[in-house]
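Numbering (our numbering), first residue to last: 108 to 266. Glycine residues also receive a C-beta, built at the ideal position from the N, C-alpha and C atoms.
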């Protein structure tokens, strides 16, 4: 069962963040749909925000490129998008776990919000539900999460 998306944060026409998107090129049709929805949502919530996109060959390379983006480009947040399908061996599970651990570690070590939307799915039915839907799209969810965490962090700093 799909969990509904969180509500859209209020639009802030003057707010401006630098948001990097690190996107897997593998399972491109699903990932590119998530990317399009993430960009659409960022523009809807914070039209003044700047985005930069870098494509990774696959999901395993996303943590490396995320760290590079943070160290070299200094974005306010990074959204990571990918799709990994469970296969017959443990390989996909190992990749998914490694990516999850690395993204969490990068976020904490660099004090930069890293939004983890590298999906580990069992089949194309799940991918279509989560990546190709108009009303339910994990790219939309990732954009909302990035902006929400940036706004929450700002309130902590201001106190």
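Check, Outcome
"Residues bridged to residue 158 [DSSP beta-bridge criterion]", "126"
"Limits of the beta strand (DSSP E) - the one that residue 227 falls within", "221-228"
"Reduced DSSP category for residue 207 - H, G, I as helix; E, B as strand; rest coil", "helix"
"Where residue 163 falls: helix, strand or coil (DSSP)", "strand"
"Residue 259 - containing alpha helix (DSSP H), residue span", "245-265"
"Beta strand (DSSP E) segment containing residue 184, residue limits", "184-192"
"Residue 181 classed as buried or exposed, judged by whether at least 16 other C-beta atoms fall within 10 angstroms", "exposed"
"Alpha-carbon spacing of residue 208 relative to residue 202, whole angstroms", "10 angstroms"
"Alpha-carbon to alpha-carbon, residue 247 and residue 130", "14 angstroms"
"Under the three-state DSSP convention, the category residue 140 falls into", "helix"
"Touching by the beta-carbon criterion (3+ pairs, under 8 angstroms), the segment 235-250 and the segment 166-180", "no"
"Local Cβ density within 10 Å of residue 241, reported as buried at 16 or more and exposed below that", "exposed"
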